[in-house]
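Below you'll find the structure, written out as structure tokens, and then a few comments.
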Amino acid sequence: MNVILRKTGNSTVITIPSNIKEMLGAEIGEEIEFVTSGNTVIIRKAEPRFNFDKELENAMTQYDELLKELVDK
Numbered sequence: 001m002n003v004i005l006r007k008t009g010n011s012t013v014i015t016i017p018s019n020i021k022e023m024l025g026a027e028i029g030e031e032i033e034f035v036t037s038g039n040t041v042i043i044r045k046a047e048p049r050f051n052f053d054k055e056l057e058n059a060m061t062q063y064d065e066l067l068k069e070l071v072d073k
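Read in order, the letters of the sequence shown are residues 1 to 73 in UniProt numbering.
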């Protein structure tokens with residue numbers, strides 16, 4: 001399967017066909033990783049990175065009521 005390189009602003013863009021996106025199990029907004037070896041490129045779904053701010057927000061939301069109770073004691 002071939003795709004055309006396109007220019008958008010100062011970037012070069014490729015389009016990932018829907019069937020390839022589905023095979024990767026990737027969704028819009030997720031990171032894709034390019035791994036190179038010589039002139040070969042492997043495209044794969046990137047491993048999720050730990051996001052401290054997001055995890056803290058999730059914990060604060062999850063334990064919101066408990067934290068409020070502790071403040072009142």
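Built from N, CA and C at the ideal position, the CB exists for glycine as well.
Look at the beta carbons and you see the segment 24-31 touching the segment 39-57: at least three pairs across the two are nearer than 8 Å. In the DSSP assignment, Lys68 falls within the unbroken alpha helix (DSSP H) covering Asp64 to Asp72.
Secondary structure remark: continuous beta strand (DSSP E) runs of at least 3 residues inside the segment 5-40, in chain order: 6-8, 11-13 and 32-37.
Taking each of Asn2, Met23, Leu70 and Asn51 in turn and checking the Cα distance to Ile14, the smallest one comes out for Asn2. Val41 sits close to Phe34, with the two beta carbons spaced by under 8 Å. Beta-bridge partners assigned by DSSP to Arg49: none are found.
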